Amino acid sequence: MATPLNIGNISVMPGEMKRGGIPLGGDMYSRERQIPIIVYRGIEDGPILWLNGATHGDEPEGPFSIFKALSHLDPKTLKGTVVAVPVMNVESFTAGQRGDPLDTFSYDMNRLYPGKPEGYPTERVAWAHWQAMKENCDLQINIHSGGEHSYLAHMIFSADTPVSLELAAAMGPNWTLVFRSGTGGGNPSSQIAGLGKGGVTVELGGNCRTLTTDFHNIADDLAEGYLNVMRHYGMIEGKAEYAPAWRMGYQIALLAPATGMFVGTKDIPFETNLPKDTVLGKIYDLYGDVVAEVRAPRDGVIFGLRSRPSVLEGQWVCFFGVVEETVDNLIPGRGG
Ligand SMILES: [Zn+2]
């Protein structure tokens with residue numbers, strides 16, 4: 000007899016799809032709060048893949064891409080299990096903000112994960128999620144975007160472990176920028192990688208691309224990545240595809256050198272190698288004079304740019320990537 004898989008308040012047998020939640024305690028109306036979860040458990044064994052969306056509440060790409068990916072799944076043919084958490088941080092999603100505006104002491108869930116059982120409100124939500132995930136997860140994809148202030152192109156921050164880097168590469172041909180991040184950091188990818196599992200954070204989109212067709216395109220692109228991951232690990236039928244090589248390095252956050260209105264350079268390409276000193280954008284004052292230029296500090300790539308023009312000195316204007324090496328061997332048995 001198969002044993003039930005218990006996650007949050009649901010118990011899932013092979014071949015079942017169930018919806019439920021990770022309990023969080025009551026709200027002001029005396030209703031039970033929960034993080035909504037959807038579990039597809041295949042009849043045959045395989046990896047347990049978690050798709051975690053909206054750690055930041057101003058990043059709806061996670062939930063929409065998860066909905067699209069799940070529409071392709073059937074627990075009768077799936078091998079392994081998919082645990083979908085469209086919105087980890089419901090309070091912040093409700094507010095449309097990066098963090099829960101009612102919790103100013105532990106605002107950013109992606110810096111304090113796995114939280115604390117007796118901590119501030121967001122720390123408690125993170126802790127409940129971690130308790131549900133940590134024993135029941137082999138692979139974890141945490142989905143982010145530029146949110147309310149920026150646009151981010153395809154970028155993966157992968158824990159620096161072979162299983163995590165393989166998961167990053169399994170996202171498919173559109174994902175050629177893979178930057179290593181450490182284990183032990185305050186985010187789900189880092190924590191799950193610390194247990195020897197695969198953990199990656201993927202970035203794509205931003206509120207400047209959440210209108211009609213554009214939002215569908217972003218979500219389809221992400222969903223295709225998760226489905227490619229499932230093909231790679233033999234969870235669904237079909238042949239996975241891969242990028243021929245991956246560009247690896249580190250990010251430099253370029254901060255506004257002046258206050259004003261930031262405008263990116265016309266036709267500047269994302270994810271494309273640019274020489275040092277390329278003008279990435281300019282900051283205008285309110286008389287129309289250029290008060291500062293933002294230039295590439297090194298040879299490298301833009302993978303994100305501010306999309307909300309008003310800017311204060313010191314705020315993000317560009318997510319700049321320095322490529323240190325190009326590798327072709329993230330998938331075991333390929334490249335070398
Ligand atoms: Zn985010």
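Here the sequence shown is numbered in numbering that gives the first Met the number 0, starting from 0 and rising by one per residue.
Glycine included, each C-beta is placed from N, C-alpha and C at the ideal position.
These numbers were taken from a predicted model, which means no experiment stands behind them.
Got a sec, what are the start and stop residues for the alpha helix (DSSP H) residue i sits in?
{"i": "residue 191", "result": "187-193"}
{"i": "residue 89", "result": "89-94"}
{"i": "residue 297", "result": "Where residue 297 is concerned, there is no enclosing alpha helix (DSSP H), given that its DSSP letter is neither H nor E."}
{"i": "residue 123", "result": "120-132"}
{"i": "residue 212", "result": "211-231"}
{"i": "residue 114", "result": "Element bounds for residue 114: n/a, residue is neither H nor E."}
{"i": "residue 4", "result": "Premise fails: residue 4 lies in the beta strand (DSSP E), 4-6, not in any alpha helix (DSSP H)."}
{"i": "residue 161", "result": "161-168"}
Can you check whether the CB of residue j is closer than 8 Å to the CB of residue i?
{"i": "residue 146", "j": "residue 205", "result": "yes"}
{"i": "residue 317", "j": "residue 253", "result": "yes"}
{"i": "residue 40", "j": "residue 13", "result": "yes"}
{"i": "residue 325", "j": "residue 244", "result": "yes"}
{"i": "residue 247", "j": "residue 177", "result": "yes"}
{"i": "residue 156", "j": "residue 200", "result": "yes"}
{"i": "residue 108", "j": "residue 98", "result": "yes"}
{"i": "residue 91", "j": "residue 56", "result": "yes"}
{"i": "residue 188", "j": "residue 139", "result": "yes"}
{"i": "residue 165", "j": "residue 50", "result": "no"}
{"i": "residue 323", "j": "residue 302", "result": "no"}
{"i": "residue 274", "j": "residue 298", "result": "yes"}
{"i": "residue 182", "j": "residue 167", "result": "no"}
{"i": "residue 250", "j": "residue 320", "result": "yes"}
Since residue i and residue j are thought to touch, with beta carbons under 8 Å apart, how far apart are those beta carbons, to the nearest angstrom?
{"i": "residue 47", "j": "residue 80", "result": "5 Å"}
{"i": "residue 300", "j": "residue 280", "result": "Not a contact, Cβ separation roughly 15 Å."}
{"i": "residue 218", "j": "residue 172", "result": "Rounded, the Cβ-Cβ distance is 18 Å, inconsistent with contact."}
{"i": "residue 257", "j": "residue 202", "result": "That pair is no contact at about 26 Å."}
{"i": "residue 227", "j": "residue 170", "result": "6 Å"}
{"i": "residue 197", "j": "residue 162", "result": "4 Å"}
{"i": "residue 310", "j": "residue 255", "result": "5 Å"}
Apart from the five residues on each side of it in sequence, which residues of its chain come closer than 7 Å, Cβ to Cβ, to residue i?
{"i": "residue 20", "result": "7, 8, 33, 34, 35, 36"}
{"i": "residue 233", "result": "45, 78"}
{"i": "residue 125", "result": "108, 111, 112, 113, 114"}
{"i": "residue 122", "result": "105, 111, 114, 115"}
{"i": "residue 263", "result": "279, 280, 304"}
Since residue i is in the beta strand (DSSP E), which residue starts that stretch and which ends it?
{"i": "residue 178", "result": "177-180"}
{"i": "residue 149", "result": "149-158"}
{"i": "residue 336", "result": "This structure leaves residue 336 out entirely; the chain is present only between 0 and 335."}
{"i": "residue 82", "result": "78-84"}
{"i": "residue 139", "result": "138-143"}
{"i": "residue 202", "result": "197-204"}
In its own chain, which residues sit with a C-beta less than 6 Å from the C-beta of residue i, not counting the 5 before and 5 after it?
{"i": "residue 222", "result": "64, 67, 68"}
{"i": "residue 307", "result": "148"}
{"i": "residue 42", "result": "13, 14"}
{"i": "residue 142", "result": "52, 61, 201"}
Distance cutoff 8 Å, beta carbons only. Does residue i sit that close to anything in chain C?
{"i": "residue 10", "result": "In summary, chain C is missing from the structure at hand, where a single protein chain is found."}
CB-CB under 8 Å to residue i, same chain, minus the five flanking residues each way: which ones, in chain order?
{"i": "residue 235", "result": "71, 72, 76, 77, 78, 226, 229"}
{"i": "residue 102", "result": "90, 119, 120, 121"}
- Item | Whole runs of the beta strand (DSSP E) within the stretch 234-296, excluding any shorter than 3 residues | 245-254, 259-263, 278-283, 289-294
- What residue ranges within the stretch 30-67 form continuous beta strand (DSSP E) runs of no fewer than 3 residues, ordered along the chain? 31-40, 43-51
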